[in-house]
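**Q**
2 protein chains.
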Amino acid sequence: MRITSSIEYATRLMVTLAAEHGKAPLPAERLAEIDNVPADYVSQILVKLRRAGLVTSHRGSAGGYSLSRPPREVTIEQVVRAVDGSVFEEVCERYDAGSKDCRHQGQCAISPVWTRLGEIVTRYFESVTLAAILEQKAGACGAVPAWLEKLTPGK
Amino acid sequence: MRITSSIEYATRLMVTLAAEHGKAPLPAERLAEIDNVPADYVSQILVKLRRAGLVTSHRGSAGGYSLSRPPREVTIEQVVRAVDGSVFEEVCERYDAGSKDCRHQGQCAISPVWTRLGEIVTRYFESVTLAAILEQKAGACGAVPAWLEKLTPGK
DNA sequence: CTCATTCTTGACTAAAATGGTCAGGAATGA
DNA sequence: TCATTCCTGACCATTTTAGTCAAGAATGAG
């Protein structure tokens, strides 16, 4: 399991835009320089972010991109969903496809594990805002949260 | 983000083997039938599980595979690690590659988000044993655990 | 001892996802 | 009016995923 480059890039772009929130819009090319991401690729990602309503674009000279909403109202969940379409793909749907072919049918004991994992990931992403990332520059995000400790390894 | 077929298959195989724990070993082909997974693919996955020490193989007639340890001592984390090599790939390592090229260097605010996500996923997988999956056939795993509720969406 | 059974190894392939590039066009405002 | 900037969609290379295949080596039942 991994974080794709698109997600990584999109998050970085959003954080950069968050830092500029309230100021003049940033052109895609400028964003590419700042975040060290291929310029054409940046444009592609920005299109998705715009279609999801997360950023607003302005054409013409002195144009560029800016956040549609204040950084504290934007979560990583929204960014991931904008780029990937969903946060966590439901496993059963790959096998279901409308038919009776699903290997999960009947007394399936496993699918709840994946479903729950999806919930956990989604919840976590929902809990992280751009504002929080900006504020915690030095890595306060890195600590294991208290509630996580409640999960005792090995059952 | 998604669960790959290999992971899904491996988990299913392990659960099936867990149900047979203590009885005669199950041949790979038999496992393939039971779990509805391509036979040759099953063999490949079983090899990884064996190399990780999770299952034991017996050759010859009446041979097959069996769990190396009781179901309550085997976690999903171990299964995932056996198949994928790791539970969650560290994002920075993809860019690092030993050079100064890492876009996460300096005051990177984002990488802790991915690191923490990795911890959360790993912890969750460590908390689910084969025994637990077997016992909760009807889907008790599906409920959102209490500790998860502590994560308030939107920061 | 022999032979069917079963695992072992490793190469091979097709399809999908990922990561990235490119070109032509349409708006905008200086 | 024209340089700037976004917009659209096609295109491509690489990697990963999913699955297949074949030759061979153990093993134990008979």
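Quick mapping for you: the protein sequence lines, in order, are chains L and C.
Here the numbering used here is used: the first residue of the first sequence is 1, the next is one more, and so on.
Here the numbering used here is used: the first residue of the second sequence is 1001, the next is one more, and so on.
Here a beta-carbon is modelled for each residue, glycine too, at the ideal position from N, C-alpha and C.
Bear in mind the structure is a predicted one, so any value in this text is a computation, not a measurement.
(1) Relative to the alpha-carbon of valine 74 of chain L, which residue among L/Ser5, L/Thr16, L/Asp40 has its alpha-carbon at the smallest distance?
(2) Output, in sequence order along the chain, the residues in the stretch 8 to 21 of chain L whose CB is closer than 7 Å to any CB in chain C.
(3) Let me see if you follow: with CB-CB separation under 9 Å, is aspartate 40 of chain L close to chain C or not?
(4) For glutamine 1078 of chain C, which residues from the same chain have a beta carbon less than 8 Å from its beta carbon, with the 5 sequence-adjacent residues on both sides left out?
(5) In angstroms, rounded to a whole number, what distance separates the CA positions of aspartate 35 of chain L and tyrosine 9 of chain L?
(6) To be precise: take each residue of the stretch 57 to 89 of chain L, compare its Cβ to all Cβ atoms of chain C, and keep it if any distance is under 9 Å. Which residues remain?
(7) Could you name the residues of the same chain whose beta carbon sits closer than 7 Å to that of valine 83 of chain L, not counting the 5 residues immediately before and after it, in chain order?
(8) Whose C-alpha, out of L/Val113, L/Val128, L/Thr122, L/Leu26, is nearest the C-alpha of serine 1127 of chain C?
(9) With distance defined between alpha-carbon atoms, name the residue in L/Ile76, L/Ala39, L/Glu93, L/Ala24 nearest to alanine 132 of chain L.
(10) Whose Cβ in chain C lies nearer than 8 Å to the Cβ of isoleucine 133 of chain L?
(11) Against isoleucine 1120 of chain C, what residues of chain L qualify as contacts under a CB-to-CB distance less than 8 Å, listed in chain order?
(12) So, helix, strand or coil for valine 91 of chain L, using DSSP?
(13) Please tell me whether arginine 1002 of chain C has its Cβ less than 9 Å away from any Cβ of chain L.
(14) On the premise that valine 87 of chain L lies in contact with valine 121 of chain L, defined as a C-beta separation below 8 Å, what is that separation, rounded to the nearest angstrom?
(15) Alpha carbon to alpha carbon, what distance is there between leucine 1130 of chain C and methionine 1014 of chain C?
(16) Can you tell which of L/Gly85, L/Gly118, L/Arg69 has the C-alpha that lies nearest to the C-alpha of lysine 23 of chain L?
(17) Just how far apart, CA to CA, sit glutamate 1020 of chain C and isoleucine 1003 of chain C?
(18) Whose C-beta lies closer than 6 Å to the C-beta of threonine 1056 of chain C among residues of the same chain, with five residues either side of it excluded?
(19) Does any CB atom of chain L fall closer than 9 Å to the CB of valine 1055 of chain C?
(20) Which partner residues does tyrosine 1009 of chain C have in the DSSP bridge list?
(21) With a CB to CB cut of under 6 Å and the five nearest residues on each side skipped, what residues in its chain are close to glycine 1118 of chain C?
(22) Do you know offhand how far alanine 1018 of chain C's Cα is from proline 1071 of chain C's?
(23) How would you list, in chain order, the residues of chain C whose beta-carbon sits under 8 Å from the beta-carbon of valine 47 of chain L?
(24) List the DSSP bridge partners of histidine 1058 of chain C.
(25) Between serine 1043 of chain C and proline 1025 of chain C, what straight-line distance do the alpha-carbon atoms span, to the nearest angstrom?
(26) Provide the residue span of the alpha helix (DSSP H) that contains threonine 1115 of chain C, from first to last.
(27) Just the C-alpha distance for alanine 1032 of chain C and proline 1038 of chain C, rounded to the nearest angstrom, thanks.
**A** In terms of the structure at hand:
(1) Counted from its first residue, the first sequence places residue 74 of chain L at position 74. Answer by Cα proximity: L/Thr16.
(2) Cβ proximity to chain C below 7 Å picks out Glu8, Thr11, Arg12, Val15 from the stretch 8 to 21 of chain L.
(3) In the first sequence, counting from the first residue as 1, residue 40 of chain L sits at position 40. It does not: the Cβ of aspartate 40 of chain L has no partner Cβ on chain C nearer than 9 Å.
(4) The sequence position of residue 1078 of chain C within the second sequence is 78, counting from 1. So the list reads Ala1052, Leu1054, once near-sequence residues are dropped.
(5) Within the first sequence, the letter at position 35 stands for residue 35 of chain L. Within the first sequence, the letter at position 9 stands for residue 9 of chain L. The alpha-carbon atoms of aspartate 35 of chain L and tyrosine 9 of chain L are separated by roughly 8 Å.
(6) Arg72, Glu73, Thr75, Ile76, Glu77, Val80, Asp84, Ser86, Val87, Phe88, Glu89
(7) Locating residue 83 of chain L in the first sequence gives position 83, where the first residue counts as 1. Excluding positions up to five away in sequence, the list reads Ser6, Ile7, Ala10, Ile45, Lys48.
(8) Position 127 of the second sequence holds residue 1127 of chain C. Ranking L/Val113, L/Val128, L/Thr122, L/Leu26 by Cα distance to serine 1127 of chain C puts L/Val113 first.
(9) Here residue 132 of chain L refers to the residue found at position 132 when the first sequence is read from its first residue. When only C-alpha atoms are compared, the closest one is L/Ile76.
(10) Locating residue 133 of chain L in the first sequence gives position 133, where the first residue counts as 1. Ala1109, Ile1110, Val1113, listed in chain order.
(11) Walking along the second sequence from the start, residue 1120 of chain C turns up at place 120. Under the 8 Å cutoff, chain L gives Ile120, Val121, Tyr124, Leu148.
(12) Residue 91 of chain L sits at position 91 when you count from the first residue of the first sequence. Helix.
(13) Reading the second sequence from its first residue, position 2 is the one you call residue 1002 of chain C. Taking Cβ atoms only, chain L reaches closer than 9 Å to arginine 1002 of chain C, which makes this a yes.
(14) Along the first sequence, read from residue 1 onward, the residue named residue 121 of chain L stands at position 121. Along the first sequence, read from residue 1 onward, the residue named residue 87 of chain L stands at position 87. Going by Cβ atoms, the distance from valine 121 of chain L to valine 87 of chain L rounds to 6 Å, so yes, they are a contact pair.
(15) One-based indexing of the second sequence puts residue 1014 of chain C at position 14. One-based indexing of the second sequence puts residue 1130 of chain C at position 130. Straight-line Cα distance between these residues: approximately 7 Å.
(16) As a first step, residue 23 of chain L must be located in the first sequence, where it is residue number 23. Comparing C-alpha distances from lysine 23 of chain L to each of L/Gly85, L/Gly118, L/Arg69 shows the shortest one belongs to L/Arg69.
(17) Start at 1 with the first residue of the second sequence, and residue 1020 of chain C comes out as number 20. Start at 1 with the first residue of the second sequence, and residue 1003 of chain C comes out as number 3. Straight-line Cα distance between these residues: approximately 25 Å.
(18) Walking along the second sequence from the start, residue 1056 of chain C turns up at place 56. Only Ser1066, Ser1068 meet the Cβ criterion.
(19) Translated into positions along the second sequence, residue 1055 of chain C becomes position 55. No - not a single Cβ of chain L is within 9 Å of the one on valine 1055 of chain C.
(20) Position 9 of the second sequence holds residue 1009 of chain C. Tyrosine 1009 of chain C pairs with nothing; no bridge assigned.
(21) Mapped onto the second sequence, residue 1118 of chain C falls at position 118. Setting aside the 5 residues that flank it on each side, glycine 1118 of chain C is surrounded in the same chain by Phe1088, each with a C-beta closer than 6 Å to its C-beta; the list follows chain order.
(22) In the second sequence, counting from the first residue as 1, residue 1018 of chain C sits at position 18. In the second sequence, counting from the first residue as 1, residue 1071 of chain C sits at position 71. Between alanine 1018 of chain C and proline 1071 of chain C, the C-alpha separation is close to 6 Å.
(23) Against the first sequence, residue 47 of chain L aligns to sequence position 47. For valine 47 of chain L, none of the residues of chain C pass the 8 Å Cβ criterion, the least Cβ distance being about 21 Å.
(24) Residue 1058 of chain C sits at position 58 when you count from the first residue of the second sequence. C/Gly1064.
(25) As a first step, residue 1043 of chain C is located in the second sequence; it is residue number 43 there, counting from the start. As a first step, residue 1025 of chain C is located in the second sequence; it is residue number 25 there, counting from the start. Distance between the alpha carbons of serine 1043 of chain C and proline 1025 of chain C is about 14 Å.
(26) Position 115 of the second sequence, counted from the start, is the residue given in the question as residue 1115 of chain C. That run of the alpha helix (DSSP H) goes 1111 to 1127.
(27) Here residue 1032 of chain C corresponds to residue number 32 of the second sequence, with the count starting at 1. Here residue 1038 of chain C corresponds to residue number 38 of the second sequence, with the count starting at 1. Going from the Cα of alanine 1032 of chain C to the Cα of proline 1038 of chain C covers about 6 Å.
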